[in-house]
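Structure, as structure tokens:
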Amino acid sequence: MNSVICQQNHSHFGRWGAAGVLIWRFRNDGEVEILLGLRSSGSGTNTWANFGGILDREDEMPQEAALREVEEEIGLKAEDLRPTGYSQNDHGGWGYTLFFATPTRLITDEDLKVDRAEHFRVAWFTREEIMNSSRLDGYLLLGEFARFTVPELRTLLPSDINPATGTIVIHNPVPTS
Numbered sequence: 632m633n634s635v636i637c638q639q640n641h642s643h644f645g646r647w648g649a650a651g652v653l654i655w656r657f658r659n660d661g662e663v664e665i666l667l668g669l670r671s672s673g674s675g676t677n678t679w680a681n682f683g684g685i686l687d688r689e690d691e692m693p694q695e696a697a698l699r700e701v702e703e704e705i706g707l708k709a710e711d712l713r714p715t716g717y718s719q720n721d722h723g724g725w726g727y728t729l730f731f732a733t734p735t736r737l738i739t740d741e742d743l744k745v746d747r748a749e750h751f752r753v754a755w756f757t758r759e760e761i762m763n764s765s766r767l768d769g770y771l772l773l774g775e776f777a778r779f780t781v782p783e784l785r786t787l788l789p790s791d792i793n794p795a796t797g798t799i800v801i802h803n804p805v806p807t808s
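Mapped onto the working numbering, the consecutive letters of the sequence shown carry residue numbers 632 to 808.
And the structure:
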């Protein structure tokens with residue numbers, strides 16, 4: 632059996648936990664964009680999510696599992712990515728670690744070797760597209776991704792940068808009185 636009931640009485644797949652990677656980069660206009668996959672199998676079929684999966688063994692470290700999954704799902708190797716942070720969701724007895732990473736080189740569509748058993752396709756989305764819509768291209772965001780990760784996208788990823796001025800772009804300014 633490869634599932635566990637955590638201390639919050641939720642059932643989770645992955646006896647030793649799970650981990651994933653959220654890959655982001657700056658577009659030419661300075662806006663952050665995020666690579667997501669449209670899941671083709673398992674839990675979350677027909678939803679957009681980051682890349683990742685379960686820890687295969689008790690002694691597998693979350694970062695090791697996350698990088699293994701990225702290579703299996705889209706063909707990127709550890710040296711193709713530079714870690715920029717992480718977020719942990721600990722349920723007591725089960726946890727999910729999400730690593731944030733940016734490419735170490737230009738990643739083209741040809742570089743992505745999408746495992747069609749895992750994802751129908753992959754696409755880059757801006758943070759604003761993800762945060763302002765529960766649907767992308769007509770498909771929902773994966774529940775756990777939408778619940779735990781989307782609210783953190785403003786704090787865990789760098790700000791958008793105006794390439795002409797090098798200044799931070801503020802999308803939702805706070806009204807002044």
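Glycine is no exception: its CB is placed at the ideal position from the N, C-alpha and C atoms. In this text, all values refer to a predicted model and were calculated from it rather than measured experimentally.
{"Item": "Just to confirm the assignment, what range does the alpha helix (DSSP H) spanning Ile705 have?", "Value": "Pro693 to Ile705"}
{"Item": "Hey, quick one: how far does the beta strand (DSSP E) through Glu664 stretch, first residue to last?", "Value": "Val663 to Arg670"}
{"Item": "Inspect the beta-carbon positions of Leu767 and Gly675 and report whether they are closer than 8 Å.", "Value": "no"}
{"Item": "Specify whether the stretch 682–690 and the stretch 636–646 touch according to this definition: at least 3 beta carbon pairs, one from each stretch, less than 8 Å apart.", "Value": "yes"}
{"Item": "With distance defined between alpha-carbon atoms, name the residue in Ser764, Arg758, Pro782 and Gly769 nearest to Asp791.", "Value": "Arg758"}
{"Item": "Check whether the stretch 648–657 and the stretch 698–709 are in contact - that is, three or more C-beta pairs closer than 8 Å.", "Value": "yes"}
{"Item": "Can you name, in chain order, every residue of its own chain whose Cβ lies under 6 Å from the Cβ of Pro806, other than the five neighbours on each side?", "Value": "At Pro806, the pLDDT of 46 sits below 50, so the modelled position is not reliable and the matter cannot be decided from this model."}
{"Item": "Please classify Leu667: is it buried, with 16 or more other beta-carbons within 10 angstroms of its beta-carbon, or exposed?", "Value": "buried"}
{"Item": "Under the three-state reduction of DSSP, which class applies to Ile738: helix, strand or coil?", "Value": "coil"}
{"Item": "In angstroms with no decimal places, state the Cα-to-Cα distance between Leu739 and Asn677.", "Value": "The residue asked about is misnamed: residue 739 is Thr in this sequence, not Leu. Cα to Cα, Thr739 sits roughly 24 Å from Asn677."}
{"Item": "For Pro794, which of helix, strand or coil comes out of DSSP?", "Value": "coil"}
{"Item": "Along the beta strand (DSSP E) that carries Leu712, what are the first and last residues, could you check?", "Value": "Leu712 to Asp721"}
{"Item": "How many Å lie between His641 and Ile761 at the Cα?", "Value": "26 Å"}
{"Item": "Could you check which residue in Asn793, Gly716 and Asn720 has the C-alpha nearest to that of Cys637?", "Value": "Asn720"}
{"Item": "Nearest to Glu741 by alpha carbon, out of Ala754, Gly769 and Thr798?", "Value": "Ala754"}
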